[in-house]
Each structure stands twice: as C-alpha cells, then as structure tokens.
Amino acid sequence: MFKKSDKPLYGNDRFEGYCIDLLRELANILGFTYEIRLVEDGRYGAQDENTGQWNGMVKELMDHRADLAVAPLAITYAREKIIDFSKPFMTLGISILYRKPNGTNPGVFSFLNPLSPDIWMYILLAYLGVSCVLFVIAR
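In terms of UniProt numbering, the sequence shown opens at residue 1 and continues consecutively.
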C-alpha cells in the first residue's frame, strides 16, 4: 500500500503495510536486499482460459522478472502447480461464532424468550381480535 506523506517518497520508502514490514524483517534476518516494484498490469495473477497465459505477479515470477512476490495472494491449485508458496501468514478461514451454552437447563417456557413480553401481548391481542371478528362474520 502506498504511504501517505507530505514530501515525495522514492524507492522502497513509498510503501507501507503488513506485507512490507514482513519483507523488511525477512531482509534483515536473511541479509538480502530488495527493490519493490509494482506489476505492470496491476493484477495478482490469473490464467486466461483461452490462451492459458498468466498475468500479474504470477507471470512476473514465471518469466523470471521477479524473484519474489509479497502480497496477500490466495493459494489456489492452479497457482500452486506453477509457482512455490511459503507457509501462509494470514489464515483467516470461514468460521461461525456462537455463544457458549450456560450450564442450566432451559425452562418450560424458554420458547418465549426470542420475543419480548410486549410482542407476545400484541400477538395475543391480535389473535383475540381476529377471532372475535371471524366469530361475528360467521354468524
């Protein structure tokens, strides 16, 4: 992601974010230098169904125009067949959140809990009102 600044930034200083911090830390630990550049077409990398050609960062890696791509790139079967991936560092996955059940057993009238007592009163009054109207109409 581009860094917002009042003065013009050049080179690797133009970028900030988690991936950039990760790359900077790897470079410090492993002792390599790098130059960050944007992909010409601005894409992550997908295969054209008609031609079979790849675009984006994947194409840059395949054509040896880049040694490394640092991005939140999804690991797909098609991509994994042609490029190597490191271990994922952002695994969010799909999950469902729910409240832990408390240890007490539900009461006999616990089915009434989803609606407030006012709503149940309105439902009862509507039921009685409709019943009376239908009784009068039926006579």
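Idealized CB from N, CA, C, for every residue including glycine.
Start and end residues, alpha helix (DSSP H) containing V70: Here residue 70 refers to the residue found at position 70 when the sequence shown is read from its first residue. No alpha helix (DSSP H) holds V70; DSSP gives it neither H nor E.
Touching by the beta-carbon criterion (3+ pairs, under 8 Å), the region 92 to 110 and the region 65 to 72: Taking 8 Å as the limit for Cβ pairs, the verdict is that the region 65 to 72 does not touch the region 92 to 110.
Alpha-carbon to alpha-carbon, V130 and A138: By 1-based counting over the sequence shown, the position of residue 138 is 138. By 1-based counting over the sequence shown, the position of residue 130 is 130. Each residue's alpha carbon lies about 12 Å from the other.
Residues sharing a beta bridge with Q47, DSSP: Start at 1 with the first residue of the sequence shown, and residue 47 comes out as number 47. Note: Q47 sits in a beta bridge opposite W54.
Residue from F32, L97 and D48 whose Cα sits closest to the Cα of R79: What you label residue 79 is simply residue 79 of the sequence shown in a count that begins at 1. Ranking the options by Cα distance to R79, first place goes to D48.
Cβ-Cβ distance between M62 and I82 below 8 Å: In the sequence shown, counting from the first residue as 1, residue 62 sits at position 62. In the sequence shown, counting from the first residue as 1, residue 82 sits at position 82. Closer than 8 Å, so yes.
E35 versus I29, G42, L23 and S95, residue with shortest Cα-Cα distance: The residue given as residue 35 occupies position 35 in the sequence shown. Closest by alpha carbon: L23.
Other residues of its chain near V39: CB distance less than 7 Å, five sequence neighbours each side excluded: For the purposes of this step, residue 39 is taken as residue 39 along the sequence shown, with counting starting at 1. So the list reads G56, M57 and E60, once near-sequence residues are dropped.
Buried or exposed by the 16-neighbour rule on C-beta atoms within 10 Å, applied to G45: Position 45 of the sequence shown holds residue 45. Per the 10 Å Cβ criterion, buried.
Alpha-carbon to alpha-carbon, I123 and V133: Working through the sequence shown from its first residue, we reach residue 133 at position 133. Working through the sequence shown from its first residue, we reach residue 123 at position 123. Approximately 15 Å, taken between the alpha carbons.
Nearest candidate by alpha-carbon position, reference R37, set L30, I29, E16 and L26: To locate residue 37, count along the sequence shown from 1; it is residue 37. If we check each option's Cα against that of R37, E16 comes out closest.
W120 burial status per 10 Å Cβ neighbour count (16 or more: buried): As a working note, residue 120 is residue 120 in the sequence shown. Exposed, since its Cβ has fewer than 16 Cβ neighbours within 10 Å.
For P88 and D41, the rounded distance between their alpha carbons: The sequence position of residue 41 within the sequence shown is 41, counting from 1. The sequence position of residue 88 within the sequence shown is 88, counting from 1. Cα to Cα, the separation comes out at about 25 Å.
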